[in-house]
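S.K.:
Numbering (UniProt numbering), first residue to last: 1 to 309.
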């Protein structure tokens, strides 16, 4: 029996590879928390609250905080470490892994990859310190994967130095947005419009709720309720009615607007600029594959153990 356990331990270490130590510590921390004991008697709201508590616990683990700092500094292997965290979390609880991914790697990833150093200090640092949570609002009712064709508008007002975020029609509603019923801020993709001309999709930070959970004026969130297999993930529909945000809330790595309404970008071609924006978000999408890998590993483990009984 001891030799079998030793062999299993050696195989596990081999499969975990160079990040075996990090994975093992994450597993140890999660296994030691009563939050991750399985519960099957909770209402929808209770499982959502439990999932949020699990996310907060996971974000407070020292190895996770260190990985966040490496994301900011873009140190070697920071992408791999982020992926590994998602894999381990999904092995422990899929809803926690998915919700953590929405908050940290989708919203947080948008800030880090599309924003400036000032944006990172303003939005990502407080995020990792759990001052607020975020969501990622790209998908629209009429434009699932067609990001180039999104209809949500961000019209620049040079008088007030603000962008006006608006949902002009039903097809422009932001759909299937994770953390929509709990989150404080959204990374919203919208057509940047200056003097009636669109400069293409850009990402804006839009306040959704205050710290007490009260919705800001002009923002509506519609609960999509049960998500099969992921009841702890609060997907919703977001709409914006002439919501004003400061000019500085534009994540401007690939395009900025001056105080007098002039658009500037290091990439002149609109199509090339759009492609660069999406390419910068590739690591956030890679996280999904690692989350799926964690789920498959868990399923395989259960199947093998069951077959030997």
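All C-beta atoms in this analysis are idealised placements derived from N, C-alpha and C, irrespective of residue type, glycine included.
1. Could you give the residue range of the alpha helix (DSSP H) that holds residue 213?
2. Using alpha carbons as the reference points, say which of 272, 119 and 255 lies closest to residue 265.
3. Whole angstroms is fine: what's the gap from residue 268's alpha carbon to residue 202's?
4. Excluding the 5 residues flanking residue 15 on each side, which residues of the same chain have their C-beta closer than 8 Å to its C-beta?
5. Which residue or residues does DSSP assign as beta-bridge partners of residue 202?
6. Do residue 179 and residue 281 have their CB atoms nearer than 8 Å?
7. So which of 198, 52 and 186 has the shortest CA-CA distance to residue 207?
8. Would you tell me roughly how many angstroms separate the C-alpha atoms of residue 139 and residue 125, rounded to the nearest one?
9. So, using beta-carbon positions, are residue 183 and residue 152 closer together than 8 Å?
10. Provide the residue span of the alpha helix (DSSP H) that contains residue 102, from first to last.
11. With the cut-off set at 8 Å, would you say residue 147 and residue 238 are in Cβ contact?
12. For residue 198 and residue 273, what's the separation of their Cα atoms in angstroms?
13. Who are residue 163's beta bridge partners in DSSP?
14. So for residue 135, helix, strand or coil by DSSP?
15. Who are the Cβ neighbours of residue 276 in its own chain at under 7 Å, not counting the five residues just before and after it?
16. Starting from residue 256, follow its DSSP beta bridges and name the residues at the other end.
17. Thinking C-alpha only, which one of 166, 257, 296 and 242 is nearest residue 248?
18. Return helix, strand or coil for residue 234, following the three-state DSSP convention.
19. Does the distance from the C-beta atom of residue 177 to that of residue 135 stay below 8 Å?
20. At the level of alpha carbons, what is the spacing between residue 230 and residue 10?
21. Have a look at 289, 261, 48 and 53 and flag the residue whose alpha-carbon is nearest the alpha-carbon of residue 158.
22. My guess is that residue 141 and residue 93 are in contact by the Cβ rule of under 8 Å, so how many angstroms apart are they, rounded?
23. In whole angstroms, what separates the C-alpha of residue 56 from that of residue 196?
24. Straight-line CA distance for residue 13 to residue 288?
25. Within the same chain, show all residues whose beta-carbon is closer than 7 Å to that of residue 218, passing over the 5 residues directly before and after it, in chain order.
26. From residue 174 to residue 294, what does the alpha carbon distance come to, in whole angstroms?
27. Is the separation between the beta-carbon of residue 39 and that of residue 234 shorter than 8 Å?
28. Check whether the Cβ atoms of residue 105 and residue 284 lie closer than 8 Å to each other.
29. Could you give the residue range of the beta strand (DSSP E) that holds residue 177?
M.R.: Walking through what the data contain:
1. Under the DSSP assignment, residue 213 falls outside any alpha helix (DSSP H); it carries neither an H nor an E label.
2. Checked all of 272, 119 and 255; the closest Cα to residue 265 is 255.
3. So the alpha carbons of these two residues sit roughly 14 Å apart.
4. Taking C-beta separations shorter than 8 Å and ignoring five residues to either side along the sequence, residue 15 has no partners in its chain.
5. Its beta-bridge partners are 190.
6. Contact annotation: residue 179 and residue 281 have beta-carbon atoms that are not nearer than 8 Å.
7. Of the candidates 198, 52 and 186, the one whose C-alpha sits nearest the C-alpha of residue 207 is 186.
8. Looking at the two C-alpha atoms, the distance is approximately 25 Å.
9. Cβ atoms of residue 183 and residue 152: not closer than 8 Å.
10. Premise fails: residue 102 is in no alpha helix (DSSP H) and is neither H nor E.
11. In this structure, residue 238 does not lie closer than 8 Å to residue 147 by Cβ.
12. The straight-line gap from Cα to Cα measures roughly 13 Å.
13. Beta-bridge pairing links residue 163 to 156 and 245.
14. DSSP, reduced to helix, strand and coil, places residue 135 within a strand of the structure shown.
15. So the qualifying residues of the chain are 254 and 267.
16. Residue 256 is bridged to 264.
17. It is 257.
18. Coil.
19. Inclusion of residue 177 and residue 135 in the CB contact set at 8 Å is warranted, their separation being smaller than that value.
20. For residue 230 and residue 10, the distance between alpha carbons rounds to 33 Å.
21. When each option's Cα is compared against that of residue 158, the closest is 261.
22. No, residue 141 and residue 93 are not in contact; Cβ-Cβ is about 30 Å, not under 8 Å.
23. A direct Cα-to-Cα measurement between residue 56 and residue 196 gives close to 43 Å.
24. Approximately 23 Å, taken between the alpha carbons.
25. The answer, listed in chain order, is 240, 241, 242 and 243.
26. Distance between the alpha carbons of residue 174 and residue 294: 28 Å.
27. Not closer than 8 Å, so no.
28. For residue 105 and residue 284, yes; Cβs fall inside 8 Å.
29. If you look at residue 177, you'll find it in the beta strand (DSSP E) that goes 174-177.
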